[in-house]
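Have a look at the structure below, then the notes.
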Amino acid sequence: MTRQRVFLLLLIAAVPLVALLPLPDFWIAQLNYIGLYALVSMGLVLLTGVGGLTSFGQAAFVGIGAYTTAWLTLNTGMSPWLTLFVGLALTTISALIVGFVTLRMSGHYLPLATIAWGLALYYLMGNLDALGKYDGLLGLESLSVGPIDIGQGRLFFVLCWAILIAGAMALLNLLDSRPGRAIRSLKGGSQMAEAMGINTFRYKVTIFLVAALFASVAGWLLAHFQRTVNPSAFGLKMGIEYLFMAVIGGVGHVWGAMVGAGLVKLLDDYLQVALPALIGTSGSYEVIVLGIAMVLLLKYMPEGLWSVVARRFPAPPRRVDWQQAADLPMRARPAPGEPVLQVDKVRKEFGGLVAVNDISFDIPAGRIVGLIGPNGAGKSTTFNLITGVLGKTSGQVRFRGRDITALPSRAISRQGMARTFQHVKMIADMTVLENVALGAYTRGSRGVLASMLRTNAAEERRLMKEAQRQLERIGMGAFLHELAGNLAMGPQRLMEIARALCCDPALLLLDEPAAGLRHKEKQDLIQVLRQLQGEGMSILLVEHDMDLVMDVCDQLVVMEFGTLLTRGTPAEVQANPAVRAAYLGTEH
Ligand code: ADP
Ligand code: MG
24 MTRQRVFLLL LIAAVPLVAL LPLPDFWIAQ LNYIGLYALV SMGLVLLTGV GGLTSFGQAA
84 FVGIGAYTTA WLTLNTGMSP WLTLFVGLAL TTISALIVGF VTLRMSGHYL PLATIAWGLA
144 LYYLMGNLDA LGKYDGLLGL ESLSVGPIDI GQGRLFFVLC WAILIAGAMA LLNLLDSRPG
204 RAIRSLKGGS QMAEAMGINT FRYKVTIFLV AALFASVAGW LLAHFQRTVN PSAFGLKMGI
264 EYLFMAVIGG VGHVWGAMVG AGLVKLLDDY LQVALPALIG TSGSYEVIVL GIAMVLLLKY
324 MPEGLWSVVA RRFPAPPRRV DWQQAADLPM RARPAPGEPV LQVDKVRKEF GGLVAVNDIS
384 FDIPAGRIVG LIGPNGAGKS TTFNLITGVL GKTSGQVRFR GRDITALPSR AISRQGMART
444 FQHVKMIADM TVLENVALGA YTRGSRGVLA SMLRTNAAEE RRLMKEAQRQ LERIGMGAFL
504 HELAGNLAMG PQRLMEIARA LCCDPALLLL DEPAAGLRHK EKQDLIQVLR QLQGEGMSIL
564 LVEHDMDLVM DVCDQLVVME FGTLLTRGTP AEVQANPAVR AAYLGTEH
């Protein structure tokens, strides 16, 4: 049983227990608020903690859920159980619109944009006559099932925490799945994820939507619990507090949201009473103290409070339950000698600089072709033109006979071209197995909802089996459950190769795989390359290390100043005076 499941079971057992205990009503009410706040900040754990997208505007989505049910139940007499879904629909529409507009922004623009629309919605709620302006709407009915009022006290506590626990389970399931790994890879920058065939923008919109829906449900609950709604509960101050909760609790941990919500709520209440007594005047000073507490916490415990617990009880290795799973289907192999890649007069200009000057070459199936040349020759640029990371100024690239000139990198990867990176790009806090499974992303299809509901188990087992198989193929079967961040450089580079192999590629592109390796690690790499060669893999190898290139390549393409200097077998190239001149600076 994983650590997560233990907490889950404890929590599920605790809820009815707490409801039955003779706790004062005040404490039940506190727990109700904590549950509601935790629901919102749990969405933020996914969005900000896992996905790396900071939002100060979450309170606005709480507002949409709350106002929708308030207005509808008061004005149309609709049942609150139906208005929940209307609220979710409205939230979906607004989250999609806001998401599509703002999520392409990078750096600090996104948090600023969330502040902007958070404020905009606050003023909208405060100025609409139909919504009661800044007084809000009063006299909502409590939630009930038949004659039983479950909208207050202990029964509401059970309802609210049951929803919270269900949400936590859905999120935990999601994070431990194919789309979940894609979401966890967002923080590593889009280049790697896109190269694995992941549509990063779509996932950003998705987690933005999921977080908004969590907030909307909380708003619906809150409205019927308080039986009144007014804009102050949905303004920027609350938006900031929700983010506080997520960050203080431990922004990458689902359970951290509950700890954070509890702490902020209790501290907030305490300070509201204690501070005026201390300072002698009243005002919103608690915000300042909370702010200082958050700064200190981020400085001394940047991963939040829950990270302490997480370190104390490290997750045991994942249970291997995929031994019996069916193998994933494989692509048709190219016939030996068939041209896998045809690069035709490809050109790239950066302003006035011609970085790649009408380069042409082919890669026949089953061969290792080395792309070499002095520093600045244009090797990496050529690599990026082929893999679709950079747009071409002119020229054409064909892959297995198909024109891929204009395709983006994720579409190219879907066709069976896999790559590694000059600077290793991995998710350090995922295990080696999970990192490698990311490479098999395009070979699965189950989405977010299936993963939340755990109906993806069969596919998940097949993906894991494939990841393990590829790791064993390159001799890394002993590292499955190690965190990727704990690996030395050599194994990290091999892990990237396993990840690339997981996409079942017809062509493997390796960008300086020997860079930074020690002698022994380089020997291991050569071993792996020879083995892949023996298995008939086609490889394009961009590499600095001449010994390695001469050792493993069947053919070499030599570049200098963006142009093709010569091509041929390693022996031919070594004997070529022009190459010696380019490398050694000697005259022909
Ligand atoms: P190599 O990988 O062979 O060392 P590169 O492909 O990285 O060479 O670079 C080729 C040339 O293109 C260099 O002169 C480099 O400065 C230039 N270059 C590469 N990327 C860019 C860029 N994004 N903008 C402008 N110039 C670039
Ligand atoms: Mg380079």
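Quick note on the working numbering: the sequence shown kicks off at 24 and runs consecutively. Built from N, CA and C at the ideal position, the CB exists for glycine as well. Please read all numbers here as calculations on a predicted model, not as lab measurements.
Below 8 angstroms, can you find three or more Cβ-Cβ pairs linking the segment 491–501 to the segment 360–380? These segments do not touch.
| Own chain partners of M65 with C-beta closer than 7 angstroms, once the 5 adjacent residues on each side are dropped | Closer than 7 angstroms at the Cβ level, and outside the excluded window around M65, lie G190, A191, L194, F237, V277 and A280.
Original post:
Name the DSSP beta bridge partners of Q546, please?
Top reply: Answer by DSSP bridge pairing: none, since Q546 is not bridged.
Helix, strand or coil at R342 according to DSSP, with G and I counted as helix | Note: R342 maps to coil in three-state DSSP.
What I want to know is whether the C-beta of A538 ends up closer than 6 angstroms to one or more non-hydrogen atoms of ligand 1. It does not: the Cβ of A538 is nowhere closer than 6 angstroms to a heavy atom of ligand 1.
Mapping the DSSP letters down to three states, classify R603 as helix, strand or coil. Looking at R603 - three-state DSSP - the assignment turns out to be helix.
Can you say whether I120 is buried or exposed, counting buried as having 16 or more other CB atoms within 10 angstroms of its CB?
The residue is exposed, with fewer than 16 neighbouring Cβ atoms inside 10 Å.
Starting from the N-terminal end, write out each residue whose C-beta falls within a distance shorter than 5 angstroms of any non-hydrogen atom of ligand 1. After applying the 5 angstroms Cβ criterion, the set is F373, A378, N398, G399, A400, G401, K402, S403 and T404.
- Task: Decide if the segment 530–546 is in contact with the segment 451–458; the criterion is three or more beta carbon pairs, one per stretch, under 8 angstroms apart.
- Result: Contact fails: fewer than three Cβ-Cβ distances are below 8 angstroms.
Same chain, Cβ closer than 6 angstroms to D385, five either side skipped, listed in chain order: Result list for D385: P362 and Q365, in chain order.
Enclosing alpha helix (DSSP H) for A378 [first to last residue]
Judged by DSSP secondary structure, A378 falls outside any alpha helix (DSSP H) and instead within the beta strand (DSSP E) spanning L376 to P387.
Separation of P352 from A605, as counted between CA atoms:
Rounded to the nearest whole angstrom, the C-alpha separation of A605 and P352 is 46 angstroms.
- Query: What whole-angstrom Cβ distance do W184 and V38 have, given they're in contact under 8 angstroms?
  - Reply: About 5 angstroms separates the two Cβ atoms, so the contact holds.
Margin query: Assuming contact is defined by CB atoms lying nearer than 7 angstroms, are M261 and Y60 in contact in what I supplied?
Written below: No; because the gap between Cβ atoms is not below 7 angstroms, this pair is not in contact.
**Asked** Count the other CB atoms within 10 Å of the CB of L32; is the residue buried (16 or more) or exposed (fewer)?
**Response** Exposed.
query = With C-beta atoms as the reference, is G174 less than 7 angstroms away from L161?
reply = In this structure, G174 lies away from L161, with their beta-carbon atoms at least 7 angstroms apart.
In terms of residues, what are the limits of the alpha helix (DSSP H) holding T223? Boundaries of the alpha helix (DSSP H) harbouring T223: T223 to Q249, taken from the DSSP string.
| task | Compare the Cα-Cα distances from D534 to each of R516, K543, N98 and V551 and report the closest residue. | result | Looking at R516, K543, N98 and V551, the one whose alpha-carbon comes closest to that of D534 is R516.
- Spatial neighbours of A451 within its chain, please: CB distance less than 8 angstroms, with the 5 preceding and 5 following residues excluded, ordered by chain position. Correct list, in chain order: L506, A507 and G508.
* To do: Pick helix, strand or coil for D291, following the three-state DSSP scheme.
  => In the three-state DSSP reduction, D291 falls in the helix class (H, G or I).
Beta-carbon separation of G470 and M219 under 7 angstroms?
No, they are not a contact pair.
Same chain only: Cβ atoms within 7 angstroms of A205, ignoring 5 sequence neighbours per side = Closer than 7 angstroms at the Cβ level, and outside the excluded window around A205, lie A216, I221, Y226 and Y464.
Residue nearest to A338 in terms of C-alpha spacing, selected from M128, H504, A235 and V287 = Comparing Cα positions, the closest option is H504.
Checklist entry - Using a Cβ-Cβ cut-off of 6 angstroms (strictly less than) and excluding sequence neighbours within five positions of E595, which residues of its own chain qualify? => result No residues qualify anywhere along the chain.
- Query: Based on Cα-Cα distance, which residue from I87, S129 and G513 lies nearest to H446?
  - Reply: Looking at the Cα atoms, G513 is the closest of the given residues.
Could you tell me whether the Cβ atoms of G75 and G141 are closer together than 7 angstroms?
No, the pair does not count as a contact, with Cβ atoms beyond the cut-off.
I think V575 touches L394, with their Cβ atoms under 8 angstroms apart; what is that distance to the nearest whole Å?
Wrong, their Cβ atoms sit about 13 angstroms apart, outside the cutoff.
**Message:** Since R370 and N380 should fall inside the 8 angstroms C-beta cutoff, what is the C-beta to C-beta distance between them, to a whole number of angstroms?
**Reply:** Rounded, the Cβ-Cβ distance is 6 angstroms, consistent with contact.
Item to check | Distance CB(M148)-CB(G86) smaller than 7 angstroms | outcome: Result yes, Cβ atoms of M148 and G86 sit closer than 7 angstroms.
Going by CA-CA distance only, name the one from I549, G559 and Q554 that's closest to M569.
-> The residue with the shortest Cα to Cα distance from M569 is I549.
Practice task
Report, in whole angstroms, the separation of the C-beta atoms of M626 and E519, which I expect to be a contact under 8 angstroms.
Solution key: Since the first residue shown for the chain is 24 and the last is 611, residue 626 is missing from the structure and cannot be characterised.
When the distance is taken between beta carbons, is A246 closer than 7 angstroms to A143? By the CB criterion at 7 angstroms, A143 and A246 fall outside the cutoff.
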